[in-house]
Amino acid sequence: MAGQSKNNRIKKDANNILFISISIILIIMLMSVVFYSTLDAQLGRYQNIAILSVVALLVWATQSRLLKITQKPFRFISDEPVEITNDKLHYVIDRLSAHVMQGDTTQDFVKTNFSEIEVKLIQSMQALNTQINSIIDLLKSEILDDSHDVLDANIMQLASTLTQYVNANTAIEKALRDNLKQTYTLLLKLQTQLEFLTQSSVSTQSLDIEEKRIHDLEGIVETHLLVDKAIDEQLQVVTFDTHQSALLLLDLMRHLSEDAESIVQYIANANEKNVSKMERDMDNSVKFIISIEQFIQKIQEIPDKLRSDIVSIQAASGVIDGLAHLVDSIKEISFQTDILAVNAAIQAAHAGEAGLGFKIVADEVRKLAVNSNNAAEMIEMGLEKARHTIQDGLKFKFLDEIMLQMDSASQVMESVKQLQEGQEDMQQYYKTLFAVINKNNTKLSHDISEVLGSIQYEDVVRQRIERAQQVILERNELWRQVVEQLSTGEVDGLITQFNAVLSDYLTKESYHNNSMESQNSDDSSSLKFELF
Amino acid sequence: MAKIIFLVDDSATMLMSVKNTLEMAGYKVETAEDGVKAMAKLTAGLKPDLIITDINMPNMGGIELIKKARALPGFRFLPILTLTTESQQSRRDEGKQAGATGWLVKPVGGADLLKVIKQVLPGA
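The listed protein sequences derive, respectively, from chains V and B.
Numbering-wise (this note's numbering), the first sequence opens with residue 21 and increments by one.
Numbering-wise (this note's numbering), the second sequence opens with residue 99 and increments by one.
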């Protein structure tokens, strides 16, 4: 391979020498024609034609050479065999992709260089024209004495101009070569490596086949770029979802934190305010309970007291009844005494004067009887009054007792009421507390439940990335096939496979909900719930 | 008696988060990571009141699971919901034909999920 490269260089140098030699011969011919035309007037009329012919030849020769340079395919062949590895292949593929993406830039670069070539060519042609005209003018001057020296100088100047032109041309060629090298290095490097794989000589490959392969490769690279674009679009969705999910989570966490904070605050305030009141209520409750106990004790004592009072009353009544019997006896005695006095008076009347004294006694006895009866009645009235007095006394005693008990009862009622109020306060307080806690818990529960939706984005994103990973794997597998098939034949069939991979990926993605699109979509496929 | 919901999803985060939400709402939750494991539990005697399944799962996907579950005795009228990232109408139709009761597209908030569950589980 190195020998072949050397041969090419030798061949190229020989071509350059040949080109310069022909140019010099043509110039000498031109000068000879001009020189001899001055000697022979008949030849003068051919002078201009000859000059124009030589200039035309020169222009043709340079243009041909330029065309030859520009049309000459550039071949970059590594001197050393390159071992193909996946990494190296991926590197080449990546560079190739990057280069295809920069295709426009490269085209611009080539255009700019061609403009430079044109400018330099025009400048060189103008310089050459000037030189030739000055030689012609010199030859016309007929100053023969100095003509040789001047002619030599002019020829030297012309040679110098030609050298400059050749140098400019070489520089242009080099610039173009560099440019082409830059454009196709990666493609040809890949090609060279593949050619090494096939163990075949590069020289046997025809330019057409190489160009077709490059074209196919470019087609594959374009599809590759489309796959990358599709993946990139999905990755943008992933980024959007992740961002949205993160924002949602942050918002929910903020709500959770606020709700938790408010409930803690409420309970803390409630404790501070209510603990002392609760303590006071409990102290009062204890006092009320003690008074209720005392009241109950008193109520339990009432039956015994009543029993003893009744017994006393019964005894007093018995005594009074006994005294009433005694009054009756007195009344009986008084009545009999009266009858006896009446009988004694009758007997005294029968006795006449002898009975006068006895009659006086009998009257006195009768008076005694009447007085006894009066006394008995007065005793009876007194007893009756005494009985009433006892009964009334007992009655008042009971009333006092009842009033006392009523007071205690009302105090107890008050205590019970206060206890009840205290209990109601407590109930209301706990009711409110539980209502607030319940409300906040419901909010907390709802917030926590809504976190679920955000966490599900992780699953959505994971699946999207998995699909992207899958398509990358399939694409890489196709690249491996590209490498294999490049060594054996055509690769254009793989473009179809690349497109199939892309199409499959896009179809799979279309099955899934696109959160970025569904936000503003009324499409039925964006329905979140559907019951069949 | 708490209703039993059988949750089938290959995503650990999904299983954990949905399970928490459902348990907080008072349901008893059983889980499986794919269709094969789900079928193993169902054939072993698990009698859920509702199945919620993902569609894309390894070993056995949601559509196949619904078809196989429907063929089991006593599962003909059991409500089965899908919970998936897929939203295209053709896939919904596929789910409907397999015997799904409803189609839910991830992500679904807790409140919405419970609302749908109440619709398919009367008295729950």
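A virtual CB, placed ideally from N, CA and C, is assigned to each residue, including glycine.
Predicted model only: the values in this text are computed from it and were never measured.
- Where GLY221 (chain B) is concerned, there is no enclosing alpha helix (DSSP H), because DSSP gives it neither an H nor an E.
- A Cβ-Cβ distance of about 13 Å is found for the pair ILE149 (chain B) and VAL116 (chain B), leaving them out of contact under the 8 Å criterion.
- Between THR199 (chain B) and PHE552 (chain V), the CB-CB gap stays under 8 Å.
- Rounded to whole angstroms, the Cβ separation of SER392 (chain V) and SER354 (chain V) is 4 Å, and the two are in contact under 8 Å.
- The shortest C-alpha to C-alpha distance from THR527 (chain V) to any of B:SER188, B:LYS216, B:GLN195 and B:GLN217 is the one to B:SER188.
- ILE240 (chain V) and ALA488 (chain V) do not touch by the CB rule: their CB atoms are close to 19 Å apart, not below 8 Å.
- Chain-order list of chain B residues neighbouring TYR531 (chain V): GLU184, GLN186 and ARG189, by C-beta distance under 7 Å.
- Excluding sequence positions up to five before and after ARG168 (chain B), its CB lies within less than 6 Å of the CB of GLY197, all in the same chain and listed in chain order.
- Within the stretch 333–357 of chain V, there are no complete alpha helix (DSSP H) runs of at least 4 residues.
- Contact of LYS548 (chain V) with chain B is assigned, a C-beta pair being separated by under 8 Å.
- Judged by their CB atoms, ASP248 (chain V) and MET112 (chain B) are not nearer to each other than the 8 Å cut-off.
- Counting only Cβ-Cβ distances below 8 Å, GLN483 (chain V) has contacts in chain B at ASN154 and THR183, in chain order.
- Rounded to the nearest whole angstrom, the C-alpha separation of ILE422 (chain V) and LEU326 (chain V) is 11 Å.
- Within the same chain, and ignoring the five residues on either side of VAL432 (chain V) in sequence, the residues whose Cβ sits closer than 7 Å to its Cβ are SER311, ILE312 and PHE315.
- Taking 7 Å as the upper bound on Cβ-Cβ separation, chain V lies near residues ASN154 of the stretch 130–164 of chain B.
- By the rule that beta-carbons nearer than 8 Å mark a contact, TYR477 (chain V) touches chain B.
- Within the DSSP secondary-structure output, ALA100 (chain B) pairs in no beta bridge.
- Excluding its 5 nearest sequence neighbours in each direction, LEU514 (chain V) has C-beta neighbours in its own chain below 7 Å: ILE240, LEU498, GLN501, VAL502 and GLN505, listed in chain order.
- Scanning its chain for C-beta atoms nearer than 7 Å, with the 5 sequence neighbours on each side dropped, one finds around GLY124 (chain B) the residues ALA100, in chain order.
- Sixteen is the threshold: since fewer than 16 other Cβ atoms of the shown chains lie within 10 Å of the Cβ of PHE175 (chain B), the residue is exposed.
- For the 8 Å CB-CB criterion, SER428 (chain V) and LYS307 (chain V) do not form a contact.
- Assigned with DSSP and collapsed to three states, GLY193 (chain B) falls in helix.
- If you draw a straight line from the Cα of ALA136 (chain B) to the Cα of GLU494 (chain V), it comes to about 31 Å.
- The stretch 333–347 of chain V and the stretch 374–393 of chain V do not touch, with fewer than 3 CB-CB distances between them shorter than 8 Å.
- Residue environment: PHE518 (chain V) is assigned as buried (16 or more neighbouring CB atoms within 10 Å of its CB, all protein chains considered).
- Bounds of the beta strand (DSSP E) holding ALA130 (chain B) are 126–130.
- Contact of LEU493 (chain V) with chain B is not assigned, every C-beta pair being separated by 8 Å or more.
- Interface annotation, VAL480 (chain V): in contact with chain B, CB-CB separation under 8 Å.
- Neighbours of GLY200 (chain B) in chain V, taken as residues whose beta carbon is under 8 Å from its own, are PHE549, GLU550, LEU551 and PHE552 in chain order.
- Between GLY160 (chain B) and the set B:GLY193, B:SER185 and B:VAL214, the nearest pair of CA atoms involves B:GLY193.
- The residue from V:GLN367, V:ASP303, V:ILE322 and V:ILE45 with its alpha-carbon nearest to that of LEU424 (chain V) is V:ILE322.
- In the DSSP assignment, the residues bridged to PHE549 (chain V) are B:LEU202.
- Taking the CA atoms as reference points, ILE410 (chain V) sits about 16 Å from ILE399 (chain V).
- Nearest to GLY133 (chain B) by alpha-carbon distance, out of B:VAL218, B:MET155 and B:ARG190, is B:MET155.
- Around LYS204 (chain B), the beta-carbon contacts reaching into chain V at under 7 Å are GLN476, ASP479 and VAL480.
- Residue pairing from DSSP leaves HIS370 (chain V) without any beta-bridge partner.
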